[in-house]
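Quick notes on the structure that follows.
In the working numbering, the protein residues as written are 61 to 138.
Listed below in C-alpha cells is the structure:
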C-alpha cells in the first residue's frame, strides 16, 4: 500500500490491491463449511482483512483527491 500521492499509477496499483483483497476476503467468507472452531478463526481473519480494506479505501480516497488537485493545479497554471 503506497502513501498518499498525486500519482495515478499509485492509485491504479492500490485499486488493484484492494480488488484482490476483497476477492480473497469474499472467498474466505463464503468457503466450504467448517467446524465451529475453525469458523470463528476464519471469521476473525475476515475481520482483519476488512480492517485492511477499510484503511486502504481511506488511502485511495486521499490519493484520488491529490491526483484531482494536481490536475486542477496544472490546468490553472497553463
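Glycine included, C-beta positions come from ideal geometry on N, C-alpha and C.
Alpha-carbon spacing of residue i relative to residue j, whole angstroms
| i | j | result |
| --- | --- | --- |
| residue 103 | residue 95 | 12 Å |
| residue 101 | residue 93 | 13 Å |
| residue 128 | residue 77 | 21 Å |
| residue 106 | residue 70 | 25 Å |
| residue 120 | residue 72 | 9 Å |
| residue 132 | residue 68 | 14 Å |
Chain-order list of residues whose beta-carbon lies under 6 Å from that of residue i (same chain, five-residue window excluded)
| i | result |
| --- | --- |
| residue 130 | 66 |
| residue 99 | none |
Collapsed DSSP secondary structure at residue i in the structure displayed
| i | result |
| --- | --- |
| residue 73 | helix |
| residue 65 | coil |
| residue 124 | helix |
| residue 102 | helix |
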